[in-house]
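Each remark here refers to the structure printed beneath this line.
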Amino acid sequence: MGKNRILFLADYCLTPFEKIPSSGILCEGDKIIGTGGSSAFSMYEPGLEIVQMTGCYAVPGFIDSHIHGIGSFDASLVYEQSEESLEAMSRNLAKHGVTTFFPTIVSRPRDLMIKTIERLSSLLEKGCSNAEALAMHVEGPFINMEKRGSQDPGSICPIDLGYAREMFEAGHGRIKVMTFAPELKQSDKLIELMLEYGVIPSMGHSMADEAQTMRAIDAGCRRCTYIFNGMPTLHHRQSSLTDVALTDDRVAVEIICDGAHIHRRIVDLTARCKPKDKIIGISNAVTPLTPYDPALRSGKLQEEDQSGIIKTGAGVITGGTMTLENSWFHLMNYANMEQTLAAACFSLNPAMNLGLYSRGEIRPGRRADITFFDTSTNTVRMTVARGKIIYNCDNYE
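Residue numbers for the sequence shown follow the working numbering, so the first one is 3 and each next one is one higher.
The following block contains the structure:
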């Protein structure tokens, strides 16, 4: 008989491809070994632990591949923070249904950028005991100054392949995504270098036109950083990164569904344009700390009470505070999207785009990463990662 076998029972389960009523999810160790109706499982197996989640439904654990920070932790400031800070982020995200996340850093001065990547890489290698910090997303520094947002202008630079290689080496294989502007000179060589190091090129913070965007896609770029933010607005006589990313089915797009970064109808427009498996829900969550841009450090970032948007003193959006367990309900409401498809945008879709083929789906053989929601309140009741309960609202302090 296997060890550490747990049977989770719920009102229903979103795999996310299908909805299984009165569902059972049998796990052994860190793997799912059986799914189906609860009546298909024996309740009397010796040593079997049964976790009855009455009044709950199950979805695959959420994957946040673009998150800067939460609470007091900021990935870009990891070199200046304690070793326990990433673990605190991991513990915090578990209560929001996140089982895998990618700490995301922005452009810093070159020496500090390398040190930050090295420090974060070492913490990622050490691992977290709750939500798994698997790899990092590097947002910059090869971006367009005009679309820099709240990033430090002194840290943004033209593409330097030596600098890029230095960052990748400092990351020790832990840099998984890099946001860059495809209109910059040598972008084709940067894409080639990223692919050589196993880094996913993501177009963003850019003013790229149609031709520049198409060259990047043809060179192997298959991802776009938070669609509509940090890129040209739609224009009926001009094509740019924005409309190409929306209409080229080869490209997956990140989307922030808090209703503030982009209008709810633009969320709907994106869902109508893109194949449903090419939509990747992200939080772009930040912590209200001092801005990275030295010119803005005269005051703290300001959090708007209603929207949860974090802005600089100059009014530039730097991120938000909404986490994924709320974002996916916004996506369903804004785009009138089925619950199964919306769940995939925060689990299976990012998993497939990132090459995490063992995650994102409640299916035998997949990793036992599961989030349980209350059917009445749609709040997270329990989070399971690697077959272990990492958050239980009844026991959380």
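The beta carbon of each residue, even a glycine, is placed where N, CA and C say it ideally should be.
Item to complete: Using DSSP bridges, identify the partner residues of Glu30.
Response: Arg7 and Lys33
Worksheet item: Run through DSSP, which three-state label would Cys438 get?
Response: Missing from the structure shown is residue 438; the chain here goes from 3 to 399 and no further.
Worksheet entry | Beta-carbon separation (whole angstroms), Leu333 vs Val382, contact threshold 8 Å | Wrong, their Cβ atoms sit about 16 Å apart, outside the cutoff.
Discussion item. Counting C-beta neighbours from all protein chains within 10 Å, is the total for His139 16 or more, i.e. buried, or is it exposed?
Written reply: Around the beta carbon of His139, a 10 Å sphere encloses 16 or more other beta carbons of the protein chains shown; the residue is thus reported as buried.
Practice prompt. Could you say which of Leu126, Gly315 and Asn132 lies nearest to Ile391 if we only look at CA atoms?
Written response: Asn132
Worksheet item: Considering only the beta carbon of each residue, do Asp211 and Ser242 sit closer than 7 Å?
Response: yes
Fill in: Inter-stretch contact at 8 Å, needing at least 3 Cβ pairs: the segment 353-366 / the segment 28-41
Counting C-beta pairs closer than 8 Å gives three or more between the segment 353-366 and the segment 28-41, which meets the contact rule.
Item to complete: Go through its chain and collect everything with a Cβ distance to Pro277's Cβ below 7 Å, but skip five positions before and after it.
Response: Excluding positions up to five away in sequence, the list reads Asp251.
Practice prompt. Determine the DSSP secondary structure at Ser40, reduced to helix, strand or coil.
Written response: helix
Worksheet item: Do you know whose CA, among Ala60, Leu358, Pro111 and Thr323, lies nearest Gly261's CA?
Response: Thr323
Fill in: Beta-carbon spacing of Ile158, Arg150 below 7 Å
yes
Practice prompt. Mind reading off the beta-carbon distance from Thr342 to Lys21? Whole number of angstroms is fine, and I expect it under 8 Å.
Written response: 6 Å
Worksheet item: Between Thr181 and Ile258, what straight-line distance do the alpha-carbon atoms span, to the nearest angstrom?
Response: 16 Å
Worksheet item: Leu50 to Ile8, Cα distance in whole Å?
Response: 6 Å
Practice prompt. Quick one: residues in its chain with C-beta nearer than 6 Å to the C-beta of Val61, no 5 flanking neighbours on either side, listed in chain order?
Written response: Leu16, Ala345 and Thr373
Worksheet item: Quick one: what does DSSP say Val386 is sitting in, helix, strand or coil?
Response: strand
Worksheet item: Near Asp396, which residues of its chain fall below 6 Å by C-beta distance, leaving aside the five closest residues on each side in sequence?
Response: none
Practice prompt. Rounded to whole angstroms, what's the CA-CA distance from Tyr336 to Cys347? Just pull it up for me.
Written response: 14 Å
Worksheet item: Between Glu134, Ser67, Leu163 and His68, which lies nearest to Gln188 when the distance is taken from Cα to Cα?
Response: Leu163
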